[in-house]
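Participant: Just so it is clear: in the sequence shown, position 278 is 278 by full-length UniProt numbering, and no numbers are missing.
Every residue gets a Cβ at the ideal spot worked out from N, C-alpha and C, and that includes glycine.
Here it is, the structure, as structure tokens.
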Amino acid sequence: MEKGRVQAIAAHAIATDTIPEEFIRAEDEQPAATTYNGPVPEIPTVDLGDPNIDNLVQSIVNASVNWGIFLVVNHGIPVEVIQKLQRVGKEFFELPQEEKEAYASVPGSIEGYGTKLQKENQGKRAWVDFLFHNIWPPTVINYQFWPKNPPAYREANEEYAKYLREVVDKLMRCLSLGLGLKDNVIREAMGGDDLEYLLKINYYPPCPRPDLTLGVVAHTDLSALTILVPNEVPGLQIFKDDRWFDANYIPNALIIHIGDQIEILSNGKYKSLLHRSTVDKERTRISWPVFCTPPREMVIGPLPHLTNEENPPKYKSKKFKDYEYCKLNKLPQ
Ligand SMILES: O=C(O)CCC(=O)C(=O)O
Ligand SMILES: [Fe+2]
């Protein structure tokens, strides 16, 4: 059963050179009408291998304060590990439809293979299918949502998770130091060893009208931090200085987003940036974000060390699950 998967809709759309009306965004969202064509500012690049920790902290702070997104090079994850993660993910989406449906998400759980079927506010759908599953810690992993095919899927994801944890720990240490705090403060405030790593694969099939539709619509990430690997097909856009820009791409670099939870914790010093993705006319775009999120019962709010009478808290302190509920249901926080 194909249940309106975008991959199946795309095959038909390419044959007829049209897309269904429900994928055509309002004009104020259409990429062709809203992407800035002038000079594009470059997202900052951070060299995570920099032996000078003060320099490293400063470059991460600058990027997190002024952008909320940065590219990371010299991150220590071997190229082969990233390529293997990409290869097995792509192979999963190339399986026959009924094989993928064995991993379909069930109501009440985010994990699994899926497509946003319910229409959004304006009755529109997004040009993307996805697969979600936790990759760390072992207590939250449900292997039923990890594809058995291709056979190397599990090993590839386990290997990536192992290296990724080192990167996340280092980023969190730097972000803590950048707030004038001990290096373990952010990691502990986000759950310590219980910090959850949720992998998503976004699969954006080719689309005959990429000028009219969107992959993932404009949003900030709910997470503490997001670490994303894209394939070589461009598509990520960021909203900066009131304009939508194409993100610059560096092969094998990681894309880091400051998520809402670190914005809250830092009382707004580090920014969670609005972003979205567009799709390509001929090529399949695939991206692999990992959302690092606190356990759902964890209370997240501005760190007391960062607020005082002159700097009152700008955000409520609340359980992550309550923040998530409001965000997903578009309710005020
Ligand atoms: O595919 C991308 O580059 C962006 C995806 C994204 O922002 C998301 O899934 O949260
Ligand atoms: Fe995102």
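Taking the CB atoms as reference points, tell me whether residue 70 and residue 44 lie closer together than 7 Å.
Facilitator: Counted from its first residue, the sequence shown places residue 70 at position 70. Counted from its first residue, the sequence shown places residue 44 at position 44. It is a contact, given that the beta carbons lie within the stated cut-off.
Participant: Starting from residue 64, trace the beta strand (DSSP E) both ways and give me its first and last residue.
Facilitator: In the sequence shown, residue 64 corresponds to position 64, counting from 1. Residue 64 -> not in any beta strand (DSSP E); alpha helix (DSSP H) instead, spanning 53 to 66.
Participant: So what's residue 73 in DSSP terms, helix, strand or just coil?
Facilitator: Position 73 of the sequence shown holds residue 73. Strand, per DSSP.
Participant: Start and end of the beta strand (DSSP E) containing residue 276?
Facilitator: Taking the sequence shown and counting its residues from 1, one reaches residue 276 at position 276. It spans 275 to 277 - the beta strand (DSSP E) in which residue 276 sits, taken as one unbroken run.
Participant: Using DSSP with H/G/I as helix, E/B as strand and the rest coil, what is residue 252?
Facilitator: To locate residue 252, count along the sequence shown from 1; it is residue 252. If DSSP states are grouped into helix, strand and coil, residue 252 belongs with coil.
Participant: Who's in the neighbourhood of ligand 2, going by beta-carbon under 7 Å from any heavy atom, listed in chain order?
Facilitator: Those residues, listed in chain order, are 216, 219, 221, 226, 257, 275, 289.
Participant: If you check the beta carbons only, do residue 57 and residue 152 fall under 7 Å apart?
Facilitator: Residue mapping note: residue 57 aligns to position 57 of the sequence shown, counting from 1. Residue mapping note: residue 152 aligns to position 152 of the sequence shown, counting from 1. Cβ atoms of residue 57 and residue 152: not closer than 7 Å.
Participant: Contact defined as beta carbons within less than 8 Å: I believe residue 115 pairs with residue 5. What is the distance between those atoms, to the nearest angstrom?
Facilitator: Numbered from its first residue, the sequence shown carries residue 115 at position 115. Numbered from its first residue, the sequence shown carries residue 5 at position 5. Yes, residue 115 and residue 5 are in contact; Cβ-Cβ is about 5 Å, under 8 Å.
Participant: Any heavy atom of ligand 1 within a distance shorter than 6 Å of the CB on residue 214?
Facilitator: Looking up residue 214 in the sequence shown gives position 214. Residue 214 Cβ: outside cutoff for every heavy atom of ligand 1.
Participant: Residue 114 by DSSP, collapsed to three states: which one?
Facilitator: As a position in the sequence shown, residue 114 is number 114, starting the count at 1. Of the three classes helix, strand and coil, the one that applies to residue 114 here is strand, per DSSP.
Participant: Should the region 149 to 166 be regarded as contacting the region 234 to 243, the criterion being three or more beta carbon pairs within less than 8 Å?
Facilitator: The region 149 to 166 vs the region 234 to 243: no contact.
Participant: Beta-carbon within less than 6 Å of residue 61's beta-carbon, same chain only, minus the 5 sequence neighbours each way: which residues are those?
Facilitator: Position 61 of the sequence shown, counted from the start, is the residue given in the question as residue 61. 178.
Participant: Quick check: is any heavy atom of ligand 1 less than 6 Å from the C-beta of residue 223?
Facilitator: As a working note, residue 223 is residue 223 in the sequence shown. It does not: the Cβ of residue 223 is nowhere closer than 6 Å to a heavy atom of ligand 1.
Participant: So residue 266 and residue 306 are in contact, right, with Cβ under 8 Å, and what is the actual spacing, rounded?
Facilitator: Here residue 266 is taken as the residue at index 266 of the sequence shown, counted from 1. Here residue 306 is taken as the residue at index 306 of the sequence shown, counted from 1. With a Cβ gap of about 7 Å, residue 266 and residue 306 count as contacting.
Participant: Find the nearest neighbour of residue 249 within the set 14, 36, 41, judged by alpha-carbon distance.
Facilitator: Counting from one through the sequence shown, the residue named residue 249 turns up at place 249. Residue 41 is the option with its Cα nearest to residue 249.
Participant: Give me the residue from 128, 330, 92 with the minimum Cα distance to residue 149.
Facilitator: Against the sequence shown, residue 149 aligns to sequence position 149. Nearest C-alpha to residue 149: 92.
Participant: Report buried or exposed for residue 52, applying the criterion of at least 16 other Cβ atoms within 10 angstroms of its Cβ.
Facilitator: Translated into positions along the sequence shown, residue 52 becomes position 52. Exposed: under 16 other Cβ atoms inside 10 Å.
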